[in-house]
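Engineer: I'd like to ask you about the structure that follows.
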Amino acid sequence: MKPSHIEHLGIAVKSLDTAIPFWEKLLGTKCYNIEEVPAQKVRTAFLKIGQTKIELLESTAEDGPIAKFIEKKGEGIQHVAFAVEGLENTLAECEAEGIQLIDKAPRGGAEGLSIAFLHPKSTGSVLVELCEDKNGGCKCGK
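Heads up: the sequence shown at position 45 corresponds to 45 in the UniProt record's numbering, and the numbers run straight through without jumps.
If you want it as structure tokens, here you go:
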């Protein structure tokens, strides 16, 4: 696996309405995109600093993965995402190396990215997301 960069850091929050102003002020930048990903029971908000994005994650359901994360661990960093080329091949390489996959195949994520997660049991307790952008970039107006 050869990631090109950290695509984003995912931060679980109880409320985007509360979190967005805090992060905008802290980072000195504006949120450029808010969207809902119904399949993942989450609303996301994105800010960009340098080449890296901060993804704020608010659960849209009590049984969603972000709600469960917050219930168990509180608000905070939920995952780190790496940009890769050839996500399907990267997943096959990871599996061949004995890394447990949450997603055996890519699925759709926020901002039109193809995503897949590696299980924290295989990554030192860190939830790792792999992302591939087949659409030519984020909506952040680089």
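Here a beta-carbon is modelled for each residue, glycine too, at the ideal position from N, C-alpha and C.
Computed from a predicted structure; not experimentally measured.
Enumerated in chain order, which unbroken segments of the alpha helix (DSSP H) with a length of 4 residues or greater are wholly contained in the stretch 17-102?
Structural biologist: 65-73 and 87-96
Engineer: Tell me the rounded alpha-carbon separation between Thr52 and His119.
Structural biologist: Working through the sequence shown from its first residue, we reach residue 52 at position 52. Working through the sequence shown from its first residue, we reach residue 119 at position 119. Cα-Cα distance, rounded: 22 Å.
Engineer: Please say whether Ser114 and Gln100 have beta carbons closer to each other than 7 Å?
Structural biologist: On the sequence shown, residue 100 is found 100 positions in, with the first residue counted as 1. On the sequence shown, residue 114 is found 114 positions in, with the first residue counted as 1. Taking 7 Å as the Cβ cut-off, Gln100 and Ser114 do not qualify as a contacting pair.
Engineer: Kindly list the residues whose CB is nearer than 7 Å to the CB of Glu93, restricted to its own chain and excluding five residues on each side of it in sequence; keep chain order.
Structural biologist: Counting from one through the sequence shown, the residue named residue 93 turns up at place 93. Excluding sequence neighbours, Glu93 sits near Met1.
Engineer: Using only alpha-carbon positions, find the residue among Gly109, Val84 and Ala39 that is nearest to His5.
Structural biologist: Within the sequence shown, the letter at position 5 stands for residue 5. Residue Val84 is the option with its Cα nearest to His5.
Engineer: Just reading off the beta strand (DSSP E) that Glu111 is part of, what are its end residues?
Structural biologist: Position 111 of the sequence shown, counting from 1, holds the residue named residue 111. Taken as a continuous stretch (DSSP letters only), Glu111 belongs to no beta strand (DSSP E), as it is neither H nor E.
Engineer: When you compare each of Asn89, Thr18 and Leu56 to His8 by their alpha carbons, which one comes out closest?
Structural biologist: Against the sequence shown, residue 8 aligns to sequence position 8. The candidate whose alpha carbon is nearest that of His8 is Leu56.
Engineer: In whole angstroms, what is the alpha-carbon distance linking Asn89 and Glu71?
Structural biologist: Taking the sequence shown and counting its residues from 1, one reaches residue 89 at position 89. Taking the sequence shown and counting its residues from 1, one reaches residue 71 at position 71. Here the alpha carbons of Glu71 and Asn89 stand approximately 34 Å from one another.
Engineer: Which term fits Arg43, buried or exposed, when burial requires 16 or more other beta carbons within 10 angstroms of its beta carbon?
Structural biologist: Within the sequence shown, numbered from 1, the residue matching residue 43 stands at position 43. Counting Cβ neighbours within 10 Å, Arg43 comes out buried, since at least 16 surround it.
Engineer: By a C-beta neighbour count over all protein chains shown, 10 Å radius and 16 as the cutoff for buried, is Ile77 buried or exposed?
Structural biologist: The count along the sequence shown starts at 1 and reaches residue 77 at position 77. Exposed: under 16 other Cβ atoms inside 10 Å.
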